[in-house]
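Those letters in the sequence shown? Residues 0 to 241, per numbering that gives the first Met the number 0, in order.
These notes are about the structure you will find just below.
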Amino acid sequence: MTEKYSTEINEKIAWFDKNYAEIKNRIAEASETIGKSSDDIILLAATKTVEPEVINHAIESGIEYIGENRVQEFLSKKDSLITSHRHFIGHLQTNKVKDIVAEVEMIESVHSVKLANEIDKQCKRIGKTMEILLEVNIGNEESKSGFSSEELEAALKEIAKLECVKVKGFMTIPPICENCEQICNYFNKMHKLFIDIRGKNIDNIDMVYLSMGMSSDYYEAILCGANIVRVGTSLFGRRNYN
0 MTEKYSTEIN EKIAWFDKNY AEIKNRIAEA SETIGKSSDD IILLAATKTV
50 EPEVINHAIE SGIEYIGENR VQEFLSKKDS LITSHRHFIG HLQTNKVKDI
100 VAEVEMIESV HSVKLANEID KQCKRIGKTM EILLEVNIGN EESKSGFSSE
150 ELEAALKEIA KLECVKVKGF MTIPPICENC EQICNYFNKM HKLFIDIRGK
200 NIDNIDMVYL SMGMSSDYYE AILCGANIVR VGTSLFGRRN YN
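And the structure:
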């Protein structure tokens, strides 16, 4: 382990090294189970609160996609990061859109038509088209943002009219579940919704990505059709989110 980093950073790098290979193997196992290649699955490292040195080590080790949850945190460390695919995966307020659109290639957490309109407006300003995923509140939880499955198609048709956003699929965080059967019920419901919408061939809607599954359930998510999994704790250890 290099001595140029602090003990804390070195410990986090060691944790990543210990777990990264196992996670890749689990992704490969899940993919093989459903007749896919692990190359079909994007492992997105959720890097909230993770130091740039650790993120850069992860990228150098093979992580190609990173996802940030907080605009200000990401802006504070983006210039220290080496090249990677960068997604925004957290709750995005409309007044923060102008700060993030130039910095990421995808916003995975578009939870309202209002937010999609603001992304479109700010992308027009800088001459960019933003790929987005619509966040679906698959458990209809009052505490969570996102579209209900019932309002999703109408929202898609509104967002499809925008010039500078391109819907590429869905993202979801299901309710906390007691067992794998329960979580898979939500994942399967989400996958069916994804397939149903894709079959409607709505103009300007390109259903490519289904982002679901995190550290505790990425394996089950892949079995149920996810092709983006967002893994943080299993890669970097538990973090202080305050």
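Glycine included, each C-beta is placed from N, C-alpha and C at the ideal position.
The structure displayed is predicted, hence computed values, not measured ones.
**OP:** Would you decide whether GLU140 is buried or exposed? Buried here means 16 or more other CB atoms lie within 10 Å of its CB.
**Re:** Here GLU140 is exposed. Its C-beta has fewer than 16 other C-beta atoms within 10 Å.
Original post:
Could you check where the alpha helix (DSSP H) with ASP205 kicks off and where it finishes?
Top reply: Unbroken run through ASP205 is the beta strand (DSSP E), 204-210; no alpha helix (DSSP H).
Original post:
Are the beta-carbon atoms belonging to MET189 and ILE137 less than 8 angstroms from one another?
Top reply: Contact: yes.
Subject >> Spatially closest choice to THR171 from ASN9, ILE88, LYS35 and LYS77, by CA coordinates >> reply: The candidate whose alpha carbon is nearest that of THR171 is ILE88.
Subject >> Three-state secondary structure (DSSP) of ALA159 >> reply: Taken through DSSP and simplified to helix, strand or coil, ALA159 comes out as coil.
Original post:
With 16 as the cutoff for other CB atoms within 10 Å, does SER108 come out buried or exposed?
Top reply: Taking all protein chains shown into account, SER108 has 16 or more neighbouring C-beta atoms within 10 Å of its C-beta and is therefore buried.
Subject >> Reference PHE186; option with closest CA among ALA220, THR82, ARG69 and SER214 >> reply: The closest CA to that of PHE186, considering only ALA220, THR82, ARG69 and SER214, is found on ALA220.
Subject >> 6 angstroms CB neighbourhood of SER79 in its chain, flanking five on each side removed >> reply: Non-local beta-carbon contacts of SER79 in its own chain, meaning distances under 6 angstroms to residues more than five positions away in sequence, involve PRO51 in chain order.
Original post:
Between the beta-carbon of ILE99 and the beta-carbon of ALA115, is there less than 8 angstroms?
Top reply: Cβ distance not < 8 angstroms, so ILE99 and ALA115 don't count as in contact.
**OP:** Can you have a look at GLU20 and say buried or exposed, based on whether 16 or more other CB atoms are within 10 angstroms of its CB?
**Re:** Just to set this straight, residue 20 is Ala in the shown sequence, not Glu. ALA20 is exposed by the Cβ-count criterion.
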